[in-house]
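Q: 696 is the number of the first residue of the sequence shown in this note's numbering; add one for each residue after it.
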Amino acid sequence: MSVILPTINQELLINVTPQETRVAVVESGVLQQIHIERACARGLVGNIYRGKVRRVLPGMQAAFVDIGLERAAFLHVSDMQTPKLLSEETGEQKPIEPTPDIRTRLHEGQSVIVQVLKDPIGSKGARLTTELALPSRYLVLLPYTQHVGVSQRIEDEGERERLKAVLAPLAEQHQLGFIVRTAGEGASEEALCHDVDYLLRLWQQIQRQMNAAGPETVVYQDLSLPVRTLRDLWAQNVERVRVDSREACQAMREFAAAFMPGLSERIELYAGEHPLFDMYGVEDEIQRALEKKVLLKSGGYLIIDQTEAMTTIDVNTGAFVGHKNLEETIFRTNLEAASALARQLRLRNLGGIIIIDFIDMNDEEHKRQVLRALEKALERDHAKTSISEVSALGLVQMTRKRTRESLEHVLCEPCPHCHGRANVKTALTVCFEIFREIIRAARAYDAQGIMVLASTAVINALQDGEANSIAELELFIGRPIKLQAEPLYAQEQFDVVLI
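#1: Please report the residue range of the beta strand (DSSP E) in which Thr716 lies.
#2: Need the endpoints of the beta strand (DSSP E) that Met1093 sits in, please.
#3: Identify, in the order they occur along the chain, each residue of the same chain with its Cβ nearer than 6 angstroms to the Cβ of Ala1078, setting aside the five sequence neighbours on each side.
#4: Going by DSSP, name the residue or residues bridged to Gly872.
#5: Where Leu836 and Ile874 are concerned, what is the direct C-alpha to C-alpha distance, given to the nearest angstrom?
#6: Are the CB atoms of Gln714 and Ala734 nearer to each other than 7 angstroms?
#7: Taking the C-alpha atoms as reference points, what is the distance between Gly967 and Leu871?
#8: Kindly identify the DSSP beta-bridge partner or partners of Val1010.
#9: Where DSSP assigns a beta bridge to Thr824, which residues make up the other side?
#10: Indicate whether the contact test is met: 3 or more Cβ pairs, each with one atom in the region 1085 to 1105 and one in the region 798 to 816, closer than 8 angstroms.
#11: Could you compute how far the alpha carbon of Lys988 sits from the alpha carbon of Val933?
#12: Can you pull the DSSP bridge partners for Gln1179?
#13: How is Thr785 classed by DSSP in three states: helix, strand or coil?
#14: Using the rule of at least 16 other Cβ atoms within 10 Å of the residue's Cβ for burial, across every protein chain shown, is Arg896 buried or exposed?
#15: According to the Cβ coordinates, are Gly820 and Arg766 closer than 7 angstroms?
#16: Check whether the Cβ atoms of Pro910 and Ser806 lie closer than 7 angstroms to each other.
#17: Considering only their Cβ atoms, is the gap separating Ala1033 from Val1085 smaller than 7 angstroms?
#18: Taking 7 angstroms as the limit between beta carbons, can you name the residues of its chain near Phe950, skipping five residues before and five after?
#19: Helix, strand or coil: how does DSSP classify Glu980 here?
#20: Within this structure, are the beta carbons of Thr799 and Val809 separated by less than 7 angstroms?
#21: I'd like the span of the beta strand (DSSP E) that includes Gln728, first residue to last.
#22: Looking only at DSSP bridge pairs, what is Asp761 linked to?
#23: I'd like the span of the alpha helix (DSSP H) that includes Ser1164, first residue to last.
#24: In whole angstroms, what is the alpha-carbon distance linking Phe1189 and Ile1129?
#25: One question on the structure: do Gly1089 and Asp1058 come within less than 7 angstroms of each other, judged by their Cβ atoms?
#26: I'd like to confirm the pairing. Which residues does DSSP put opposite Leu708 in its beta bridges?
#27: Given this structure, state the Cα-to-Cα distance separating His842 from Ala908, to the nearest angstrom.
#28: Does DSSP put Thr1024 in a helix, a strand or coil?
#29: DSSP three-state label for Phe1189, please.
#30: Straight-line CA distance for Glu784 to Asn1118?
#31: Whole angstroms are fine: how far does the CA of Glu1031 sit from the CA of Leu991?
#32: How do the region 1128 to 1143 and the region 1168 to 1175 stand: do at least 3 beta-carbon pairs fall below 8 angstroms, yes or no?
#33: Would you say Leu894 and Ser993 are within 7 angstroms of each other, going by their C-beta atoms?
#34: Just confirm the distance between the C-beta atoms of Trp929 and Pro838, as a whole number of angstroms; I'd bet it's less than 8 angstroms.
#35: Comparing alpha-carbon positions, which option in Asp892, Asp1159, Val1192 lies nearest Ala1122?
#36: Give the C-beta separation of Asp890 and Leu834 to the nearest angstrom, bearing in mind that I take them to be a contact with Cβ-Cβ under 8 angstroms.
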């Protein structure tokens, strides 16, 4: 007898202000995803530009392209449109040249139409492609490829064949390619054709703008975040969409009426006295998502460390002591952690290489079940993920596609006191640095005395625990040393002044 799992209802909450738009995906009262877009730094993914090649790098098989941003964008040869042949085995189109030389495709000063694949992240510029892709509700239009594909998440073979049968004649007629998105599963032929008509009109408009656009200018800009939310995040289990802006609500209803019939009545204008995100506890969840430690219901916890190279997640039993034996306690903690960390990856939008240090397990069956639980929890993730087996050291390596900055990078910046180290020198360490600096200054300059300006904590340490050291140093340099507390100084900050 098959077991039918209950559908988890979702709510989309949209908070709009002139400076910032935020979208929260909530399931059963629990925040699952948060998307933030600021007016001063809108996301670029999906935008199309007429760029200008600034530099070609044969050694990297890539080029830097100026698209009018602060930093030049990066275009690799593998992301360039290449002539394709139809594979006899699979029916899919494959490049004639697997790795063409970048110098045969681009030269400095050349004008090129490109689309942004990844937003600028950290010190890296945007990632570009010349293989344009235009999404709609159910489809993605590929203007330079005549091919019909179906999302891998649509697993029913009969449904895949039906979708291909509907779109193949249209692809051949217009000499264009289409990919059916996950949301297209079960879509009627009429709905698919409606999407095709919309994409054809959009492509014609973009072509006109491409011909008129000057160098280093935007040709096409993707939809605003509220409307994009309907296009990309809406699913059958979305119970309602609540938005606190009348203008955004109207735009979303118009989009829904045109492309998503039946959804308009689920879009509600929120006009309550309390802020929308406060009503659902979203603000508190965002604050918790910026912390390194994530508590589990059992008493265990995760430690999440995000670095430029990778993200590491450490699983600990904490206060959880279990009920049977140590192996069972570890197994239960790891199972709970697998589900919790999958949510944290979505919520914090962590991407790139991710290393998970589960608690060591001796039972091979337990290892297999934990890995399967992680894979199951990641199935709901919109971003593409890839997981390795448990290594000999008990680590799980995985990757998650990164197209935009993580939540931490959007909301935070490196600490000006510790410069991103996540720790500061102790007051005692700073005291010893001050002693060394006093000796340098006394040897280099002739002065009547020396004054030390430092934080209150450091001055207290000098006056209490290191008072004898100060007296010995005065005898050594033959000059008086005065101490002055500066409440606004950080703990590592100090000045040695000649008087």
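Backbone N, C-alpha and C define an ideal beta-carbon position, used for all residues, glycine too.
A: With the given structure in hand:
#1: Numbered from 1 along the sequence shown, position 21 holds the residue referred to as residue 716. First-last of the beta strand (DSSP E) with Thr716: 715 to 722.
#2: Here residue 1093 refers to the residue found at position 398 of the sequence shown. Boundaries of the beta strand (DSSP E) harbouring Met1093: 1090 to 1095, taken from the DSSP string.
#3: By one-based count along the sequence shown, residue 1078 stands at place 383. Same-chain partners within the cutoff: Arg1095, Lys1096.
#4: Stepping through the sequence shown from its first residue, residue 872 is reached at position 177. Residue pairing by DSSP places Gly872 opposite Leu837 in a beta bridge.
#5: Translated into the one-based positions of the sequence shown, residue 836 becomes position 141. Translated into the one-based positions of the sequence shown, residue 874 becomes position 179. Each residue's alpha carbon lies about 7 angstroms from the other.
#6: As a working mapping, residue 714 is identified with position 19 in the sequence shown. As a working mapping, residue 734 is identified with position 39 in the sequence shown. Taking C-beta atoms as the reference points, Gln714 and Ala734 count as a pair closer than 7 angstroms.
#7: The residue you call residue 967 lines up with position 272 of the sequence shown. The residue you call residue 871 lines up with position 176 of the sequence shown. Their Cα atoms are separated by approximately 47 angstroms.
#8: To locate residue 1010, count along the sequence shown from 1; it is residue 315. Val1010 is bridged by DSSP to Leu997.
#9: Looking up residue 824 in the sequence shown gives position 129. As computed with DSSP, Thr824 is found in a beta bridge with Gln810.
#10: Verdict: yes, contact present.
#11: Taking the sequence shown and counting its residues from 1, the one referred to as residue 988 is at position 293. Taking the sequence shown and counting its residues from 1, the one referred to as residue 933 is at position 238. Roughly 30 angstroms between the two C-alpha positions.
#12: Indexing the sequence shown from 1 puts residue 1179 at position 484. According to DSSP, which records beta bridges pairwise, Gln1179 is partnered with Leu1148.
#13: Taking the first residue of the sequence shown as 1, we reach residue 785 at position 90. Reliability fails at Thr785, whose pLDDT of 40 lies under 50, so the model's placement of it is uncertain and no value is given.
#14: Residue mapping note: residue 896 aligns to position 201 of the sequence shown, counting from 1. Answer is exposed; the Cβ neighbour count stays below 16.
#15: In the sequence shown, the residue the question calls residue 820 occupies position 125. In the sequence shown, the residue the question calls residue 766 occupies position 71. Yes, the Cβ-Cβ distance between Gly820 and Arg766 is below 7 angstroms.
#16: As a working mapping, residue 910 is identified with position 215 in the sequence shown. As a working mapping, residue 806 is identified with position 111 in the sequence shown. Ser806 is positioned such that its CB atom lies closer than 7 angstroms to that of Pro910.
#17: On the sequence shown, residue 1085 is found 390 positions in, with the first residue counted as 1. On the sequence shown, residue 1033 is found 338 positions in, with the first residue counted as 1. Cβ distance not < 7 angstroms, so Val1085 and Ala1033 don't count as in contact.
#18: The count along the sequence shown starts at 1 and reaches residue 950 at position 255. Around Phe950: Val922, Leu925.
#19: Position 285 of the sequence shown, counted from the first residue, corresponds to residue 980. Note: Glu980 maps to helix in three-state DSSP.
#20: As a position in the sequence shown, residue 799 is number 104, starting the count at 1. As a position in the sequence shown, residue 809 is number 114, starting the count at 1. No. Outside cutoff.
#21: Counting from 1 along the sequence shown, the entry for residue 728 is found at position 33. For Gln728, the enclosing beta strand (DSSP E) begins and ends at 725 to 733.
#22: Here residue 761 refers to the residue found at position 66 when the sequence shown is read from its first residue. In DSSP, Asp761 forms a bridge with Lys747.
#23: Start at 1 with the first residue of the sequence shown, and residue 1164 comes out as number 469. Element bounds for Ser1164: 1162 to 1172.
#24: Walking along the sequence shown from the start, residue 1189 turns up at place 494. Walking along the sequence shown from the start, residue 1129 turns up at place 434. Between Phe1189 and Ile1129, the C-alpha separation is close to 8 angstroms.
#25: Counting from 1 along the sequence shown, the entry for residue 1089 is found at position 394. Counting from 1 along the sequence shown, the entry for residue 1058 is found at position 363. No, these two residues do not count as a Cβ contact at 7 angstroms.
#26: Within the sequence shown, the letter at position 13 stands for residue 708. Ala719, Arg937.
#27: As a position in the sequence shown, residue 842 is number 147, starting the count at 1. As a position in the sequence shown, residue 908 is number 213, starting the count at 1. Distance between the alpha carbons of His842 and Ala908 is about 28 angstroms.
#28: Looking up residue 1024 in the sequence shown gives position 329. Thr1024 falls in the helix class under three-state DSSP.
#29: Here residue 1189 refers to the residue found at position 494 of the sequence shown. Secondary structure at Phe1189: strand, using DSSP grouped into helix, strand and coil.
#30: Mapped onto the sequence shown, residue 784 falls at position 89. Mapped onto the sequence shown, residue 1118 falls at position 423. At Glu784 the pLDDT is 37, less than 50, meaning the model places this residue with poor confidence and gives no usable figure here.
#31: If you number the sequence shown from 1, residue 991 lands on position 296. If you number the sequence shown from 1, residue 1031 lands on position 336. Per the coordinates, the alpha-carbon of Leu991 lies some 7 angstroms from the alpha-carbon of Glu1031.
#32: Taking 8 angstroms as the limit for Cβ pairs, the verdict is that the region 1168 to 1175 does touch the region 1128 to 1143.
#33: Here residue 894 refers to the residue found at position 199 when the sequence shown is read from its first residue. Here residue 993 refers to the residue found at position 298 when the sequence shown is read from its first residue. Not closer than 7 angstroms, so no.
#34: Here residue 929 refers to the residue found at position 234 when the sequence shown is read from its first residue. Here residue 838 refers to the residue found at position 143 when the sequence shown is read from its first residue. The C-beta distance from Trp929 to Pro838 rounds to 25 angstroms, too long to fall under 8 angstroms, and the pair is not in contact.
#35: Here residue 1122 refers to the residue found at position 427 of the sequence shown. Checking every option, the nearest Cα to that of Ala1122 belongs to Asp1159.
#36: Residue numbering aside, residue 890 sits at position 195 when the sequence shown is read from its first letter. Residue numbering aside, residue 834 sits at position 139 when the sequence shown is read from its first letter. With 8 angstroms as the limit, Asp890 and Leu834 qualify as a contact, their Cβ atoms being about 5 angstroms apart.
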